[in-house]
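Novice:
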Amino acid sequence: MHLKMFVLSASAVALWLAPLTALDKKVSWHKAVQGVSLCAGIACAVKAGSIAYKLSEDAEIEVIKERAITADVIDEISVSTYVSQQQRQQEAELMLASPGLDVEAGRKSLEAMYDNDLQDSASTSDNPDYLVYLEVRKSMEESKSATWIIENILKMGGRKFADGKAKLETLLQQFEREQK
Amino acid sequence: MKAMYLVNYFVAGCIASSFLGWIASLHPMATRAIAFLLAAVAVAWVMCWLLDYSLSQLLKISVSQLQALLVSVLAVLLIGLGVFVCT
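Heads up: the sequence lines are chains A and B, in that order.
The first sequence begins at 0 in numbering that gives the first Met the number 0 and counts up by one.
The second sequence begins at 0 in numbering that gives the first Met the number 0 and counts up by one.
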């Protein structure tokens, strides 16, 4: 459609100017050719103008359609937002009205606890003290004394013995609690 | 695309005024007839300028649009007849 319009516009200008400028006036039929070409030029220009008018109207309709689609999408989003807000408000009102039947909050708290447990179990194996704890446990199963463990595994003999004893207790408490 | 539509109708007007010049060149009687037609158009053009506010209300367009239309009619006539006379 665009190509047709441009071709018609160009041919209208050519049919207007070419016979007037290029045609030899000594030729007997130059007047007739001028008249025919001017009539054809008018027809081409009017046809090109009507095509351009139709195209401009189509473009305007497309713009209006795009605006309508955008408005629909915005309306849909705002409606869904409003509905979800209403639902939340209703849930909150129900929870406030019946605190004994707070199933959703219980479910959420259980989920949170479960997530924390998972994180703890994941973090236990990543802890560098966990290997030391395993060695301590192995030594305890072999009936080694606490003094031996502090001196040989924790490497905290002599002046650091008191600190080593505290560290041993801390290790045992920490990992045994997590294993429970 | 609206510009193309306006340009095409402008070119059509130019060719039409060249066509009037071509008709005028065919016979002395036709020349007189076209001269009379052009004189009538000139009178109407001036009247439109004088009555632009009333005409804009009648045609339901703004005054600036009517003035643009009148200027473009003058340009169309001048360009079309000028091209025909100069060639």
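All C-beta atoms, glycine included, are put in the ideal place defined by N, C-alpha and C.
#1: What is the DSSP secondary structure of A/L7, counted as helix, strand or coil?
#2: Taking A/S8 as the query, report the chain B residues whose CB atoms sit under 9 Å from its CB, ordered along the chain.
#3: Go through its chain and collect everything with a Cβ distance to B/S53's Cβ below 6 Å, but skip five positions before and after it.
#4: For the region 37-72 of chain B, list the alpha helix (DSSP H) runs that are entirely contained and at least 4 residues long, ordered along the chain.
#5: Just how far apart, CA to CA, sit A/S55 and B/M0?
#6: Between A/A58 and chain B, is there a C-beta pair that is closer than 8 Å?
#7: Check the Cβ of A/I41 against every Cβ in chain B and list those closer than 7 Å, keeping chain order.
#8: List, in chain order, every chain B residue whose beta-carbon is nearer than 9 Å to that of A/K107.
#9: Do we get a CB-CB distance below 8 Å when we pair B/W48 with the residues of chain A?
#10: Helix, strand or coil: which one does DSSP assign to B/T86?
#11: Please state whether the Cβ-Cβ distance between B/W44 and B/F83 is less than 8 Å.
#12: Note down the Cα distance separating B/I89 from A/L37, rounded to an integer number of angstroms.
#13: Report the neighbours of A/S27 on chain B: residues whose CB is nearer than 8 Å to its CB, in chain order.
#14: If distances are taken between C-alpha atoms only, which option among B/L57, B/A67, B/G79 comes closest to B/L37?
Specialist: Inspection of the coordinates gives the following:
#1: Reduced to three states, the DSSP call for A/L7 is helix.
#2: M3, V6, N7, V10
#3: none
#4: 51-58
#5: 5 Å
#6: yes
#7: A11, I14, A15, F18
#8: None at all; the shortest Cβ gap to chain B is about 59 Å.
#9: no
#10: coil
#11: no
#12: Nothing can be reported for residue 89 of chain B, as the shown portion of chain B is limited to 0 through 86.
#13: Near A/S27 there are no residues of chain B at all, since even the closest Cβ is about 14 Å away, more than 8 Å.
#14: B/G79
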